[in-house]
Amino acid sequence: MTTETTTTSEARSARKLFGGGNLRQFGILFSLIAIILLFQYLTNGLTLSSGNLINLVSQYSYILILAIGMVIVIIAGHIDLSVGSVAAFVGIVVATSMKDWNLPWPLAILFGLFVGMLIGAWQGWWVAFVGVPAFIVTLAGMLIFRGGNQLIGNANTVPVPPGFTTIGSGYLPEVGPYTGYNNLTLLLGLIIVIAVIWREIRARRVQRIMGSTPSPLWASVVKVVLLNAVVVYASFLFAGGRTGTSFPVSGIILGVLVLVYSFVTRNTIFGRHVYAVGGNKLAAELSGVKSRRINFLVMMNMSILAALAGMIFVARSVASGPQDGLSWELDAIAAVFIGGAAVSGGIGTVTGSIIGGLVMAVLNNGLQLLGVGSDRVQIIKGLVLLLAVGVDVWNKKQGRPSILGFMTRNRKTTPAPDEAPMVVPDSGTPDTARPPASMPS
Amino acid sequence: MSTQHVMNDEPVRADGPVILEMRSITKEFPGVKALSDVSLTVKAGEIHAICGENGAGKSTLMKVLSGVYPYGTYDGDIVYQGRTVHFRDIRSSEEAGIAIIHQELALIPELSITENIFLGNEPTRWGAIDWITAKKTALELLARVGLREDPDTLIKNIGVGKQQLVEIAKALSKSVKLLILDEPTAALNEADSQHLLDLIRGLKGKGITSIMISHKLNEIEQVADSITIIRDGKTIETLDAVRDGVNEDRIIRGMVGRSLESRFPDHVPRIGEVFFEVRDWNVQHPQVTERMVVKNSSLTVRRGEIVGIAGLMGAGRTELAMSIFGRSYGTFLSGRMFKDGKEIELRNVAEAIDHGLAYVSEDRKALGLNLLDDVKRLIVSAKLSKISAGPVVNDGKEYSIAEGYRTSLRIKTPTVDSGVSKLSGGNQQKVVLAKWMFTDPDLLILDEPTRGIDVGAKYEIYGIIQNLAAQGKGVILISSELPELLGLADRIYTVFEGAITDCIPAAEADPETLMKSMTSARKKVRS
Chain Y
6 MTTETTTTSE ARSARKLFGG GNLRQFGILF SLIAIILLFQ YLTNGLTLSS GNLINLVSQY
66 SYILILAIGM VIVIIAGHID LSVGSVAAFV GIVVATSMKD WNLPWPLAIL FGLFVGMLIG
126 AWQGWWVAFV GVPAFIVTLA GMLIFRGGNQ LIGNANTVPV PPGFTTIGSG YLPEVGPYTG
186 YNNLTLLLGL IIVIAVIWRE IRARRVQRIM GSTPSPLWAS VVKVVLLNAV VVYASFLFAG
246 GRTGTSFPVS GIILGVLVLV YSFVTRNTIF GRHVYAVGGN KLAAELSGVK SRRINFLVMM
306 NMSILAALAG MIFVARSVAS GPQDGLSWEL DAIAAVFIGG AAVSGGIGTV TGSIIGGLVM
366 AVLNNGLQLL GVGSDRVQII KGLVLLLAVG VDVWNKKQGR PSILGFMTRN RKTTPAPDEA
426 PMVVPDSGTP DTARPPASMP S
Chain U
259 MSTQHVMNDE PVRADGPVIL EMRSITKEFP GVKALSDVSL TVKAGEIHAI CGENGAGKST
319 LMKVLSGVYP YGTYDGDIVY QGRTVHFRDI RSSEEAGIAI IHQELALIPE LSITENIFLG
379 NEPTRWGAID WITAKKTALE LLARVGLRED PDTLIKNIGV GKQQLVEIAK ALSKSVKLLI
439 LDEPTAALNE ADSQHLLDLI RGLKGKGITS IMISHKLNEI EQVADSITII RDGKTIETLD
499 AVRDGVNEDR IIRGMVGRSL ESRFPDHVPR IGEVFFEVRD WNVQHPQVTE RMVVKNSSLT
559 VRRGEIVGIA GLMGAGRTEL AMSIFGRSYG TFLSGRMFKD GKEIELRNVA EAIDHGLAYV
619 SEDRKALGLN LLDDVKRLIV SAKLSKISAG PVVNDGKEYS IAEGYRTSLR IKTPTVDSGV
679 SKLSGGNQQK VVLAKWMFTD PDLLILDEPT RGIDVGAKYE IYGIIQNLAA QGKGVILISS
739 ELPELLGLAD RIYTVFEGAI TDCIPAAEAD PETLMKSMTS ARKKVRS
C-alpha cells in the first residue's frame with residue numbers, strides 16, 4: 006500500500022525515538038548530521054571542539070526555547086510575531102525590577118514569568134475570544150512591546166546583578182575529585198545513557214504487552230549503542246572544555262523544557278486538542294474540544310516561553326538593551342518549518358523543531374567559524390529554509406517519502422484484518438474482541 | 259478528431275432535432291461506479307429535467323458533460339450538435355456553448371456584477387479591460403434576465419435569487435446554447451423561484467436549451483418538456499411531458515421504484531420506552547436571522563429504536579440534528595429537551611457528549627475527522643478523559659482500545675498507527691463510528707452514515723447500527739436514501755422546509771408516501 010504504513014517497526018521505533026513518526030523529521034536529522042560533519046571537515050575540527058560546542062549551546066538555547074512555544078502555536082494554526090519584542094520587554098522589566106526595586110533575582114525570574122503570562126493572556130484573549138487573527142494580534146504586539154521596552158529603559162541598557170546571570174552564562178559547577186573533566190557534566194551524560202537504555206527496554210516491554218511484534222533485538226542494541234556513543238562523545242566534549250566552563254545552565258533549562266513539552270504535546274489531553282484544533286477546527290469542536298480555550302492557552306504559553314528566553318538572553322549579555330530579541334521570531338519560525346511543521350497547522354513536533362533550530366544554529370556557527378560575513382550567512386540561511394521546505398513539498402507531490410522511507414520500504418507489515426467473510430457484527434464477533442469500554446454489558 | 263454524426267441513428271421525434279446525446283456514459287471512482295451505461299438525449303429548444311434521489315448520479319453526469327471530468331476519465335460518447343466532442347475542461351465545453359450553473363454559486367462576493375459576469379472573459383482594448391463595453395453589455399444581459407440592478411453593485415449586496423440571475427447572465431455572455439442548471443431553486447424563495455422558472459421558459463423561446471436538475475417535482479411538472487430519471491447511476495426512463503402525461507406521482511415512482519431485497523441484515527427490533535424527547539424546537543439560521551431552519555419540531559426516541567429522518571437536501575435535517583447536539587448549528591431560539599424523564603439543556607458539544615449524545619456528521623472530511631491524524635488517536639478523540647489519568651493520556655489503553663474496534667468493526671487498516679487519510683471512505687466512516695461508540699452514547703445521531711460508501715461497507719455499517727440499537731441505544735438515522743430508511747428505521751419522520759410534516763411507522767411507510775411528505779408542507783403528524 007503506502008510507504009508510510011509499510012515502514013518496519015524498527016524504523017518506526019527509531020523515528021519515535023527522535024520525536025514520533027515523521028519521516029521528514031528523520032530526514033532533517035540526517036541533514037543536521039551531514040551539516041555538522043561538513044563543517045567539522047571545513048573548519049579542521051573546530052566545530053566539534055569543546056569551546057565551540059559550549060558556545061553553540063549557550064548562544065542558541067533561547068532561540069530553541071522560542072521554537073518550542075512556536076511549534077505549538079503553529080500546530081494550532083496560528084503564528085506569533087511578537088516573541089522577540091515580548092522577550093525584550095520582559096528582559097527590561099526584570100532588569101529594572103532588580104536595579105530599581107532591589108528585587109532578589111530568583112523572585113525577579115518569577116516576576117518575569119508572571120509578566121510573560123499577562124502578556125500572553127492579553128494576546129490570547131484577542132486571538133481566542135475576539136477572533137482577531139494571531140498574525141495581526143502579534144504584529145501589533147511586536148510594535149507594542151518593542152516600544153514598551155524602549156519606554157521603560159529610555160532606549161538605554163540596564164545592567165543585571167551577577168546572581169541573575171547564572172541562567173544565561175552559568176555552567177555546571179566543578180565538584181568532586183579532579184578528573185580533568187567537569188564531573189557533573191559526565192554525571193549528566195551517564196544519566197542520559199541510562200535513560201536511553203531504560204527507555205528502550207520499556208518500549209520493548211510495552212510492545213510485548215500490546216501483542217505487537219517487537220523489533221528485532223539487534224536493532225534495539227544498535228540503536229542504543231549508536232545513541233549512547235553520541236551521548237558519551239558529547240559528554241566528554243562538554244566536560245573537557247576550558248576550566249570553569251562545562252555544560253551551560255541554559256542548555257539544561259532547554260533540555261528540561263524539550264522533555265516536558267514533548268510529553269505535553271504527545272501524551273496529554275491538552276496536546277491532543279492542540280493537534281485537533283490545528284488539523285480540523287470544526288471537527289474538533291464537534292468532538293467537544295473547546296477550541297477557544299486551546300487557542301488562548303497556546304498563545305499564553307508562547308509568551309511565557311518568550312519571557313524565559315528574554316531573561317536568559319539578558320543574563321547572558323549581563324544587561325538588557327533596546328535591541329534585544331530583534332528578529333528572533335523569524336529564527337524561531339524558520340526552525341519550526343525546517344523541523345517539519347505545516348503552515349496550515351495540525352502538523353509538527355517539538356523534537357523536529359529543535360532539530361530544525363539546531364540546523365540553523367550549526368549553519369550560522371559554522372559559517373562564522375569560516376569567517377563568512379553576516380550578509381552571506383543570511384543569504385545562505387534563507388536558501389536553506391527554502392530548500393528544506395521545497396524538498397518536502399516536492400516529495401509530497403511525488404508521493405515519495407524521505408531517503409529513510411525508501412530504504413525501509415517493501416518489508417513485512419502487520420497484517421490487516423481479513424477481508425473475507427463479511428459478518429454482521431452482532432453475530433460474528435465474540436464479545437471478548439470488543440473494547441470493554443464500549444460495552445454497557 | 260470529431261466525426262460527423264449521422265442523425266437518423268435514433269428515432270428523432272417530430273418536435274425538434276437532437277442537440278445533445280450522451281451515449282453509454284460510465285464513470286467510475288475508486289471503489290464506486292457512479293454512472294453505469296447512462297444515456298441521455300436532449301432535443302434542441304426544450305427544457306429537459308433530470309430527476310433522481312441524492313447520489314443517483316445526476317451531478318456526476320453533468321460534470322462529465324461540462325468537462326469537469328475531462329474526456330478520457332469516463333467511457334462513452336458525447337454527441338453535441340451532431341459531432342462527437344471531447345471536452346478537456348470547462349473552458350472547452352464553454353467554447354462549444356455549454357454552460358453549467360452549479361448549486362453553489364461560483365460568484366465572487368467582493369466583486370461587482372459586471373466584474374463577475376466577465377470574469378475570465380474580460381473584453382479588452384489595447385490589452386486593458388474595456389469597462390465601457392463591459393458595462394454596456396452587462397446592462398443588456400441584465401435586461402435579458404430581467405434583473406434591474408446597477409451593474410456596479412457588489413455581488414454580496416444582492417440576494418441569492420438575484421445572484422442566480424447574474425449567473426445566468428454570465429452564461430448568456432458566453433453565447434450559451436445549452437444551459438445546465440443544478441438545483442437552481444434550492445436556495446430561493448417562492449417568488450424568486452417563479453421568476454427563475456419564467457426566465458428559463460423565456461430563454462427556451464429564444465432557442466436556448468436547458469437541462470435542469472431539481473428535487474422540486476412541482477417545478478419540473480410545471481416547466482419540463484422531457485424528464486429523464488436516473489437511479490443508482492443508471493438511466494431508468496425518459497418521459498415526454500405531454501405524451502406520457504407526467505405528474506409528481508409518476509416521477510416519484512420512477513425515482514424510488516426499486517426492490518428492497520436483502521440489502522439489510524436481518525434483525526428483530528427490541529424497542530423499549532421513550533427516553534429522549536425534543537419539544538417545539540426552533541432554530542434560526544446563523545447569519546440570516548429572518549430564516550428559520552428548524553420550525554416547531556418535536557420528536558421522540560425510544561430505547562433500542564432506530565428513528566429515521568427523511569427529507570430532501572436543504573430541508574433542515576442536518577440543522578435539526580446539529581442543533582440538538584449541543585447547539586452546534588444555528589442560533590437556538592426555543593424548545594425543550596428531555597432525556598430519561600428529566601429536562602436537560604445542552605449548551606455546547608462537551609455537554610452533549612457528557613449527556614450521552616453522539617453525532618456522526620454527514621460531511622466526514624470537513625466535520626467528522628482530522629484527516630492529518632492516525633486511526634488510534636481519532637478513535638479516542640471524543641472522550642480522552644476516559645483513558646487518561648489526570649491530564650495524561652494512556653498510550654497503552656489507547657492502542658488496545660483502537661485495536662479492539664479495528665477487530666470488532668473490521669476497520670481495514672494496516673495498523674492503528676496509520677494515517678486515516680489513507681483509508682477508504684467506508685473504513686474512515688467506521689473510524690468515525692468507533693470514535694462515537696467509544697463515548698458510550700445513549701443516543702446516536704447518524705447523519706448520512708453511508709454517503710459515498712460502497713455497497714459492501716454499507717451492509718457492514720447497517721449491521722453496526724442495528725447492533726447499537728440492540729444494545730438499547732437510541733438511533734436517529736438521517737438519510738437521503740429512502741430504501742435505507744425503509745430497510746433500517748422503525749419509525750420515520752419526514753422533514754420539509756424545516757418542519758416535521760409526518761411520522762410514519764415503518765410498517766406503513768413506502769417510498770411514495772414518504773416522498774409526498776418530503777415535498778409538501780401538509781402537517782399531519784402522528785405520534
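Chains as they are written, first to last, in this note's numbering: chain Y, 6 to 446; chain U, 259 to 785. From the three backbone atoms N, C-alpha and C, an ideal C-beta is built for every residue, glycine too. Source: prediction; values computed, not measured.
{"Asked": "The stretch 610 to 626 of chain U contacting the stretch 679 to 698 of chain U, beta-carbon criterion three pairs below 8 angstroms", "Found": "yes"}
{"Asked": "Top-ranked residue by Cα proximity to Y659(U), from S294(U), S639(U), I758(U)", "Found": "Correcting the residue identity first, residue 659(U) is Ile in this sequence and not Tyr. Minimum Cα distance to I659(U) is reached at S639(U)."}
{"Asked": "Boundaries (first-last residue) of the alpha helix (DSSP H) holding P741(U)", "Found": "740 to 746"}
{"Asked": "Outcome for N379(U) when other beta-carbon atoms lying within 10 angstroms are tallied against a minimum of 16", "Found": "exposed"}
{"Asked": "Option nearest M320(U) by Cα separation, candidates E304(U), E279(U), I458(U)", "Found": "E279(U)"}
{"Asked": "Beta-carbon proximity of R594(U) to D538(U), cut-off 8 angstroms", "Found": "yes"}
{"Asked": "C-alpha gap between D524(U) and S370(U), whole angstroms", "Found": "58 angstroms"}
{"Asked": "Beta-carbon neighbours of F275(Y), restricted to chain U and to distances below 7 angstroms", "Found": "P649"}
{"Asked": "R271(Y) classed as buried or exposed, judged by whether at least 16 other C-beta atoms fall within 10 angstroms", "Found": "buried"}
{"Asked": "Cutoff 8 angstroms: L287(Y) Cβ touching any chain U Cβ", "Found": "yes"}
{"Asked": "Euclidean distance between Cα positions of G361(Y) and A312(Y)", "Found": "22 angstroms"}
{"Asked": "Interface flag, S517(U) vs chain Y, CB-CB below 8 angstroms", "Found": "Low local confidence applies: a pLDDT of 45 at S517(U) is under 50, so the model's placement there is unreliable, and no value is given."}
{"Asked": "C-alpha distance - M122(Y) paired with F116(Y), whole-angstrom precision", "Found": "10 angstroms"}
{"Asked": "Sub-8 angstroms separation of I336(U) and V300(U) beta-carbons", "Found": "no"}
{"Asked": "Identified DSSP bridge partners for L461(U)", "Found": "The partner list for L461(U) (beta bridge, DSSP) is empty, contrary to what the question assumes."}
{"Asked": "Partners in chain U for N211(Y), counting only beta-carbon separations shorter than 7 angstroms", "Found": "Note that residue 211(Y) corresponds to Val in the displayed sequence, not to Asn. By Cβ distance, chain U contributes G654."}
{"Asked": "Helix, strand or coil at T443(U) according to DSSP, with G and I counted as helix", "Found": "coil"}
{"Asked": "Where R749(U) falls, given that 16 or more other Cβ within 10 Å makes a residue buried", "Found": "buried"}
{"Asked": "Residue nearest to S868(U) in terms of C-alpha spacing, selected from I510(U), K680(U), Y332(U)", "Found": "In the structure as shown, chain U begins at 259 and stops at 785. Residue 868(U) is therefore absent and cannot be evaluated."}
{"Asked": "CB contact below 8 angstroms: A292(U) versus chain Y", "Found": "no"}
{"Asked": "Contact with chain Y by R709(U), beta-carbon distance below 8 angstroms", "Found": "no"}
{"Asked": "Uninterrupted alpha helix (DSSP H) stretches inside the stretch 486 to 549 of chain U (no shorter than 4 residues)", "Found": "506 to 514"}
{"Asked": "Proximity below 8 angstroms, CB of A482(U) to CB of T752(U)", "Found": "no"}
{"Asked": "Beta-bridge partners of H306(U), as assigned by DSSP", "Found": "I469(U), S484(U)"}
{"Asked": "Buried or exposed (CB count within 10 angstroms, at least 16 for buried), T576(U)", "Found": "buried"}
{"Asked": "CB-CB length for R605(U) against G588(U), believed under 8 angstroms", "Found": "Not really, about 14 angstroms apart at Cβ, beyond 8 angstroms."}
{"Asked": "Cβ neighbour criterion (16 or more within 10 Å) applied to E548(U)", "Found": "exposed"}
{"Asked": "Residues of the stretch 293 to 307 of chain Y with Cβ closer than 7 angstroms to any Cβ of chain U, in chain order", "Found": "G293, K295"}
{"Asked": "Same chain, Cβ closer than 6 angstroms to A133(Y), five either side skipped, listed in chain order", "Found": "R297, N300, F301"}
{"Asked": "Identity of the residue in G350(Y), A340(Y), S308(Y) nearest I124(Y) by Cα", "Found": "S308(Y)"}
{"Asked": "Proximity test, Cβ basis, 8 angstroms: L291(Y) and chain U", "Found": "yes"}
{"Asked": "Cutoff 8 angstroms: P426(Y) Cβ touching any chain U Cβ", "Found": "Its pLDDT being 33, under 50, P426(Y) is placed unreliably in this model, and the value from its coordinates should be taken loosely. P426(Y) does not count as touching chain U."}
{"Asked": "Beta-carbon gap between Y176(Y) and V254(Y) smaller than 8 angstroms", "Found": "yes"}
{"Asked": "Amino acids of chain Y, ordered along the chain, whose beta-carbon sits closer than 7 angstroms to that of A608(U)", "Found": "G293, K295"}
{"Asked": "Boundaries of the beta strand (DSSP E) in which V287(U) is found, first to last residue", "Found": "The sequence as given places Phe at residue 287(U); Val does not occur at that position. That run of the beta strand (DSSP E) goes 276 to 287."}
{"Asked": "Opening and closing residue of the alpha helix (DSSP H) in which I366(Y) lies", "Found": "Note on identity: in this sequence residue 366(Y) is Ala, with Ile being the wrong assignment. Segment 355 to 374, the alpha helix (DSSP H) holding A366(Y)."}
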